[in-house]
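So that you can map any letter, position 151 of the sequence shown is 404 in the working numbering, and since no number is skipped, the others follow by simple counting.
Report on one structure; see the data block that follows.
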Amino acid sequence: MIEIIKAIRAGKILIYPTDTVYGIGVDAANSKAVKKLRRLKKSKKPFSIIVSKGWIRENCVVDKKAEKYLKLLPGPYTLILRLKNKRAISKETNLGSNKIGVRIPKHPFTKVILAARRPFISTSVNISGEKFAVSTEEIPQRFKRVAIIVKGRTGKKPSTIYDLTGKTSKRIR
254 MIEIIKAIRA GKILIYPTDT VYGIGVDAAN SKAVKKLRRL KKSKKPFSII VSKGWIRENC
314 VVDKKAEKYL KLLPGPYTLI LRLKNKRAIS KETNLGSNKI GVRIPKHPFT KVILAARRPF
374 ISTSVNISGE KFAVSTEEIP QRFKRVAIIV KGRTGKKPST IYDLTGKTSK RIR
């Protein structure tokens, strides 16, 4: 556990199990690491992050509606919220947007990520738009070559995403 926490804080790329699919991530406040991950995934989309509920309340706009959805966490959900503290993450993480996707997977490994006390990117292990991995055998070689892989059980489908930034909540996926 200590080695993984050190790796997260050092900006290493980590592939890890979640309650949905295998995730890949880096410290979301480390611009250099986020840029490397973005090139690896060939992604131009904002990334979501794994953070604690305390971090969410401190750094995001949490109204009554959002508070209700926070009760779903930990679980297979990503909540898109307005970011009130843009310095809490690298602008590379959400591409400078005032919104951020947050999640807390219901998986034992999430405790290790949270113990690093860093906002941590949570995105699927794939080239953007391609099939996601639910086993280590499905992880593309290009990712295996550059990442630390933590094995474990996953779910079979990606998280359900709710956008809570408008007047009403909107299910995205």
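Every residue, glycine too, gets a C-beta built ideally from N, C-alpha and C.
What you are looking at is a predicted structure, and each value in this text was computed from that prediction instead of being measured.
Contact belief for residue i with residue j at Cβ below 8 Å, rounded distance in angstroms
i: residue 392; j: residue 378; result: 5 Å
Coil, strand or helix - residue i by DSSP
i: residue 291; result: helix
i: residue 355; result: strand
i: residue 301; result: strand
i: residue 367; result: helix
Alpha helix (DSSP H) segment containing residue i, residue limits
i: residue 307; result: 306–312
i: residue 332; result: No alpha helix (DSSP H) contains residue 332, which is instead part of the beta strand (DSSP E) from 330–335.
i: residue 257; result: 255–262
Chain-order list of residues whose beta-carbon lies under 7 Å from that of residue i (same chain, five-residue window excluded)
i: residue 260; result: 267, 401
i: residue 372; result: 281, 282, 302, 304, 308, 341, 342
Endpoints, beta strand (DSSP E) assigned at residue i
i: residue 373; result: 373–377
i: residue 346; result: Where residue 346 is concerned, there is no enclosing beta strand (DSSP E), although the alpha helix (DSSP H) it sits in stretches over 344–347.
i: residue 414; result: 413–416
i: residue 267; result: 267–269
Own chain, CB closer than 8 Å to residue i, minus 5 neighbours either side, in chain order
i: residue 344; result: 284
i: residue 361; result: 405
i: residue 425; result: 333, 414, 415, 416
Sequence-distant residues of its chain with Cβ nearer than 6 Å to residue i (five each side left out)
i: residue 269; result: 276, 362, 403
i: residue 257; result: 365
The ligand NAP heavy atom lying under 7 Å from the CB of residue i
i: residue 295; result: By its list of ligands, the structure shown contains no ligand whatsoever, and the ligand NAP lies outside what it can speak to.
| Is the stretch 319–333 touching the stretch 382–389 in the sense that three or more CB pairs, one from each, lie closer than 8 Å? | Contact between the stretch 382–389 and the stretch 319–333 is absent: fewer than three C-beta pairs spanning the two stretches fall below 8 Å.
| said: Does the structure place the stretch 308–324 close enough to the stretch 289–296 that three or more beta carbon pairs sit under 8 Å? | reply: These segments do not touch.
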